[in-house]
Amino acid sequence: MRRRQQLAVALWLALLIVYVLAGVDLAPFHGDESLQIRSSVDYATLFIDGDSAALGVRPDDPRSASSDRRLLQGSINPWTIGYAWHLAGRSSEDLPPEPGWDWALDYDTNLALGLRPSPPLLLTSRYPSALFFALSVPLLYAIAWRLGGIATALLASGLYTLHPALLLNGRRALTEGPMLLFGLLTICCALMILRHGERAGWRWWLALALSGGLALASKHSALLFLGGALAWLCLAALLRRERQALPKTARRCVLCGILALTVFLALSPALWPDPWGVLQRLVQVRSDLLEVQVRSLQPGGVGMTLTERLDQVLTQPFLRPAMFYEVASWSDYEAITAEIEIWRASPLSGMPVNPLTGGALSLLTLAGLARIGRKPEQAGLLAWLALTLVVLLLNPLAWQRYYLPLLPLTCLLAAVGMTGLLRRATLWRSKVKRKM
């Protein structure tokens with residue numbers, strides 16, 4: 064890449080990062096932000112008080128808001144939020160009281176109980192996640208560059224940064240920012256292993272395990288990125304048709320997966336007292352929570368049908384606007400609707416979502432899907448996509464945040480489809496000129 068081109072790319076990525084960070088204070092509030100900010104008390108417990116034993120959960124401990132929160136949430140976002148307010152000169156006394164946010168109560172009652180953070184604390188707490196999301200933009204660029212070159216990378220990074228759902232949730236004090244950063248870093252490590260082949264050495268495999276563990280410690284659903292990276296490597300080895308390629312790669316992937324889980328365990332103090340027993344409890348707690356969410360928040364109190372799930376998979380990437388809340392009653396609160404109107408009126412809220420642009424991008428995604436798979440390095444994207452789709456088709460809730468792991472994939476595919484279409488148009492125009 065020429066120096067001028069490198070400078071142009073660096074400027075482009077810098078502008079995208081600045082765009083993400085410039086709109087942090089515009090994001091409408093979500094109750095889960097209070098939960099994450101309350102969870103940052105664990106930072107003080109572990110790094111200031113040095114009391115790691117207080118964070119452990121045992122299988123026979125009675126259920127509590129704090130223990131369930133430690134099991135269900137990753138550790139990266141609460142710790143970085145705690146580090147942010149610590150740097151800002153705040154203490155754990157400034158945090159919302161337990162339980163952080165009570166979804167059994169309405170917005171006004173939570174507000175009266177002091178469960179919404181003060182504006183300065185909320186803004187301080189948002190910057191770590193927003194920075195994580197902003198730094199994921201160059202990673203998405205790098206993945207797209209490996210797939211289709213600089214034009215594909217520029218388009219993909221632009222679509223990714225300007226996607227309203229990614230912008231909204233990436234700017235909030237939620238787990239999506241670190242999940243996307245470390246998830247895409249995991250995919251990048253897999254691509255570097257593919258690029259170097261046998262010369263990759265143990266360092267890139269170790270980097271893959273470390274980034275995968277950090278992704279899992281950010282949000283459990285980041286397992287899609289780790290699984291996608293390992294599936295990508297195995298499919299590429301299978302397509303090489305070398306006798307020992309697949310068994311050797313499979314062994315390394317298994318070891319890498321074990322190391323990633325070890326990193327996840329090391330970053331999850333709640334699991335330290337009894338990892339296997341607490342993991343079983345985690346599964347039960349998550350199952351109970353999902354049942355409550357479906358019964359109380361899903362229309363009719365039942366999960367989506369298969370047809371509805373297929374519709375969500377097809378329309379969430381580009382045809383549905385940003386989902387500001389999951390609880391329908393939040394539309395009745397003036398404070399929330401006013402924040403949403405400010406967001407919508409701002410040029411920092413991302414690209415518009417309408418049937419025309421959404422339909423065009425959806426078609427370009429399908430065109431990109433048709434182009435992928437001609438090379439072993441590209442075909443692995445299909446394995447990552449297939450794993451993500453299978454998991455999403457098991458999801459009973461029509462909540463946009465659950466579909467965020469799909470969006471980097473669709474942005475990549477739309478960019479591949481767009482550049483493919485532009486190349487065809489360029490070839491057609493050159494042929495026409497020659498005939499004339």
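Heads up, the sequence shown is in the working numbering, so the first residue is 64 and it goes up one at a time.
From the three backbone atoms N, C-alpha and C, an ideal C-beta is built for every residue, glycine too.
Note that this is a predicted model, so its numbers are computed, not measured.
Annotation for Trp208: the continuous alpha helix (DSSP H) segment containing it runs Pro182 to Gly211.
The shortest C-alpha to C-alpha distance from Leu89 to any of Arg189, Thr451, Leu203 and Ala449 is the one to Arg189. Here Pro162 carries a coil assignment [DSSP, helix/strand/coil]. Judged by DSSP in its simplified three-state form, Glu305 adopts coil rather than helix or strand. Distance from the CA of Val454 to the CA of Ser284, rounded to the nearest whole angstrom, comes to 10 Å.
Rounded to whole angstroms, Pro160 and Pro180 show a C-alpha spacing of 10 Å. Scanning its chain for C-beta atoms nearer than 8 Å, with the 5 sequence neighbours on each side dropped, one finds around Trp166 the residues Gly94 and Val390, in chain order.
Taking 7 Å as the cut-off, the Cβ atoms of Trp447 and Gly291 count as close. Assignment of Pro125 by DSSP, reduced to helix, strand and coil, places it in the coil class.
Under the three-state reduction of DSSP output, Asp114 falls in the coil class, being neither helix nor strand.
With a minimum length of 4 residues, the unbroken runs of alpha helix (DSSP H) contained wholly in the segment 394-448 fall at 397-408 and 418-434.
Here the C-alpha atom of Arg235 lies approximately 12 Å from the C-alpha atom of Leu98. By the C-beta criterion, the segment 367-385 is judged not to be in contact with the segment 76-86, since fewer than 3 inter-stretch pairs fall below 8 Å. Going by DSSP, Leu244 is part of the alpha helix (DSSP H) stretching over Glu239 to His259.
A direct Cα-to-Cα measurement between Ile435 and Ala205 gives close to 17 Å.
Membership of Thr378 in the alpha helix (DSSP H) is indicated by the continuous run Leu369 to Thr378.
Taking 7 Å as the cut-off, the beta carbon of Arg464 is found no closer than this to the beta carbon of Asn173.
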